[in-house]
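Following: one structure in structure tokens, then a few remarks.
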Amino acid sequence: MPEVVGIRFRKAGKIYFFAPGELDISQDDKVIVETVRGFELGNVAFGRRTICDAKIEPYLPLKSVVRKADAADTEKVQALKIKAKEAFAICLEKIVLHKLSMKLLDAEYTFDEAKLIFQFTAEGRVDFRELVRDLASVFRTRIELRQIGVRDEAKMVGGLGGCGRELCCCSFLGEFHHVSIKMARDQNLSLNPTKISGVCGRLLCCLNYEQEE
Numbered sequence: 024m025p026e027v028v029g030i031r032f033r034k035a036g037k038i039y040f041f042a043p044g045e046l047d048i049s050q051d052d053k054v055i056v057e058t059v060r061g062f063e064l065g066n067v068a069f070g071r072r073t074i075c076d077a078k079i080e081p082y083l084p085l086k087s088v089v090r091k092a093d094a095a096d097t098e099k100v101q102a103l104k105i106k107a108k109e110a111f112a113i114c115l116e117k118i119v120l121h122k123l124s125m126k127l128l129d130a131e132y133t134f135d136e137a138k139l140i141f142q143f144t145a146e147g148r149v150d151f152r153e154l155v156r157d158l159a160s161v162f163r164t165r166i167e168l169r170q171i172g173v174r175d176e177a178k179m180v181g182g183l184g185g186c187g188r189e190l191c192c193c194s195f196l197g198e199f200h201h202v203s204i205k206m207a208r209d210q211n212l213s214l215n216p217t218k219i220s221g222v223c224g225r226l227l228c229c230l231n232y233e234q235e236e
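Count along the sequence shown starting at 1, add 23, and that's the number in the working numbering.
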């Protein structure tokens, strides 16, 4: 079984597997890795461990951790966050200019600044080709517009659930799992949508917690 480390790129984000190589990597270290988006700075969710082949298959061929991050890398990430906020404001103006029905949620530069990613929600499909061309001419880098769902929006924006605590999805839930109305029936809960739906308008993720394996 291969040896891997688990890397997160956002708080409560999905954990991705990378090969640690010869590096001495421990939990909570910051590392530089190469992803499909380019080079990224991530946080080590767990150190070296062996994972069964079935779980590792979606990540093959397994990419290696490039190196451990240093103070300069951390400073660069903070600078990129400031730069991304400026890009967010410009993109909002462009969306209004192009009269597009979309809600912009986030702007993010990859660590190597090879790509600028905007995430948004919309009721349906949005033809943003002209917007992408406009943004590319302003920022002189590769632009990616990514439409996400309402659950992902809640995870990104955050908030409090009906229990009065921070939403599970933005505090510790790395991935969304299947939730069905049958779970509510099995737990003898009211089927009133306002009682069993989260702030995202979808069924509560916590319905899963009382479900037998």
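By construction, the Cβ of each residue, glycine as well, lies at the ideal position given by its N, Cα and C atoms.
Predicted model, so just to flag it, every value in this text is computed and none were measured.
Could you compute how far the alpha carbon of Ser124 sits from the alpha carbon of Ile30? If I take the Cα positions, the gap works out to 35 Å.
Can you tell me which of the three DSSP states Leu212 falls into? In this structure, Leu212 counts as coil in the three-state DSSP scheme.
By Cβ distance, which residues of its chain are closer than 6 Å to Val222, with the 5 residues on each side in sequence left out? Shown here for Val222: same chain residues with a beta carbon closer than 6 Å to its own, the five before and five after excluded, namely Ala177 and Gly182 in chain order.
Could you name the residues that DSSP lists as bridge partners for Leu139? DSSP, once it has assigned bridges, lists Tyr132 and Ile166 as partnering Leu139.
Determine the burial state of Glu131: buried for a count of at least 16 other Cβ atoms within 10 Å of its Cβ, exposed for fewer. Label assigned to Glu131: buried.
Mapping DSSP to helix, strand and coil, what is Glu176? The answer is helix: DSSP assigns Glu176 an H, G or I state.
Mind checking whether Lys122 and Thr144 have CB atoms under 8 Å apart? The answer is no: Cβ separation not under 8 Å.
Starting from Val88, follow the beta strand (DSSP E) in both directions and report where the run begins and ends. Where Val88 is concerned, the enclosing beta strand (DSSP E) stretches over Val88 to Lys91.
Can Asp135 be considered in contact with the ligand SAM, in the sense that its beta carbon sits closer than 7 Å to one or more heavy atoms? Looking at this structure, you won't find the ligand SAM or any other ligand, since it has none at all.
Give every residue of the same chain whose Cβ lies closer than 8 Å to the Cβ of Asp51, excluding the five residues on either side of it in the sequence, and list them in chain order. The beta carbon of Asp51 is closer than 8 Å to those of Asn66 and Val67 in its chain, skipping five residues each way along the sequence.
In its own chain, which residues sit with a C-beta less than 6 Å from the C-beta of Ala159, not counting the 5 before and 5 after it? Ile166, listed in sequence order.
Who are the Cβ neighbours of Ser220 in its own chain at under 8 Å, not counting the five residues just before and after it? Taken in chain order, the residues that qualify are Leu226 and Leu227.
Cys192 to Ile171, Cα distance in whole Å? Approximately 15 Å, taken between the alpha carbons.
Sort Val161, Thr97 and Arg33 by Cα distance to Val180 and report the nearest one. With distances taken between Cα atoms, Val180 lies closest to Arg33.
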